[in-house]
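Undergrad: Structure below; questions to follow.
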Amino acid sequence: MYQEIIMDHSKDPRNFRALSEATGSAEGFNPFCGDRVKVEVLLDQTGSELQEIGYQGEGCSICMASASMMCEEVEKGKVSEISQVIENFRAMMQDECDSAVFEDSDIEALAGVKKFPVRIKCALLAWMALRDALSDAGVKS
Ligand code: ZN
C-alpha cells in the first residue's frame with residue numbers, strides 16, 4: 034500500500050516542471066545516491082503565499098516521490114506555515130515525531146523510509162532544497 038503510493042508519485046510526478054517565473058530557487062545534491070533536485074518557488078506580491086512550486090531533477094523513486102508529495106502539500110499554502118511543514122517532515126524522517134502529523138496526506142507513506150537510514154537523505158533532499166528556495170525568495174526562517 035505505502036509502496037504503491039510512492040511508485041505512483043515517482044511514475045507520475047506532480048509539479049515536475051520549470052516555472053516560467055520564479056522568485057526563488059535552490060538545488061540539492063545527495064552524493065550517497067546521486068539524487069539531484071532543483072526546486073523553484075513563486076511567492077505572491079506580499080511574499081506571504083506560495084503561489085506556485087515546481088521541481089526538476091533526477092533521482093531514485095523515493096527522492097522523486099518525496100518531491101512530488103511535497104509540492105502537492107505546500108502549493109497555495111501560507112509561507113508562514115510551510116516552514117513548520119518542512120520541520121514536521123524532517124522530524125518524522127528522523128524519528129522525532131509520529132507520522133500522524135501527515136495522516137491525511139500521501140506523505141505519510143514515506144514514514145516507512147526511516148527504517149532505511151541511507152534512504153532518509155533521499156526523502157529529505159527536496160525539502161531541504163525548498164527551505165533554501167524560500168530563503169532565496171527572501172523568507173526569513
Ligand atoms: Zn535516492
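Per the numbering used here, the sequence shown starts with residue 34, numbered consecutively. Glycine residues also receive a C-beta, built at the ideal position from the N, C-alpha and C atoms.
Using three-state DSSP, classify Ser-101 as helix, strand or coil.
TA: Looking at Ser-101 - three-state DSSP - the assignment turns out to be helix.
Undergrad: When every heavy atom of the ligand ZN is checked, does at least one fall within less than 7 Å of the C-beta of Gly-61?
TA: For the ligand ZN, not one heavy atom lies less than 7 Å from the Cβ of Gly-61.
Undergrad: Comparing C-alpha positions only, which one of Gly-110, Arg-123, Lys-111, Val-146 sits nearest to Ile-39?
TA: Selected option, being the one with the closest Cα: Val-146.
Undergrad: Where Glu-85 and Val-74 are concerned, what is the direct C-alpha to C-alpha distance, given to the nearest angstrom?
TA: Taking the straight line from one Cα to the other gives about 6 Å.
Undergrad: Distance check for Ser-116 and Gly-78, CA to CA, integer angstroms please.
TA: Residue 78 is actually Gln in this sequence, not Gly. Looking at the two C-alpha atoms, the distance is approximately 19 Å.
Undergrad: Where DSSP assigns a beta bridge to Ile-119, which residues make up the other side?
TA: DSSP, once it has assigned bridges, lists no residue as partnering Ile-119.
Undergrad: Mind checking which residues open and close the alpha helix (DSSP H) that includes Ala-162?
TA: First-last of the alpha helix (DSSP H) with Ala-162: 150–169.
Undergrad: What whole-angstrom Cβ distance do Val-70 and Gly-57 have, given they're in contact under 8 Å?
TA: At roughly 14 Å, the Cβ-Cβ gap does not stay under 8 Å, so Val-70 and Gly-57 are not in contact.
Undergrad: Between Val-151 and the rest of its own chain, which residues show a CB-CB distance below 7 Å, the 5 nearest in sequence each way excluded?
TA: Within the same chain, Val-151 has close Cβ partners Phe-65.
Undergrad: What I want to know is whether the C-beta of Cys-104 ends up closer than 7 Å to one or more non-hydrogen atoms of the ligand ZN.
TA: Not so, every heavy atom of the ligand ZN lies at least 7 Å from the Cβ.
Undergrad: Going by alpha carbons, who is nearest to Tyr-35 out of Asp-139, Lys-173, Arg-164, Ile-153?
TA: It is Asp-139 whose Cα lies nearest to the Cα of Tyr-35.
Undergrad: If you reduce the DSSP assignment to three classes, tell me which class Val-70 lands in.
TA: DSSP places Val-70 in strand when its eight states are reduced to three.
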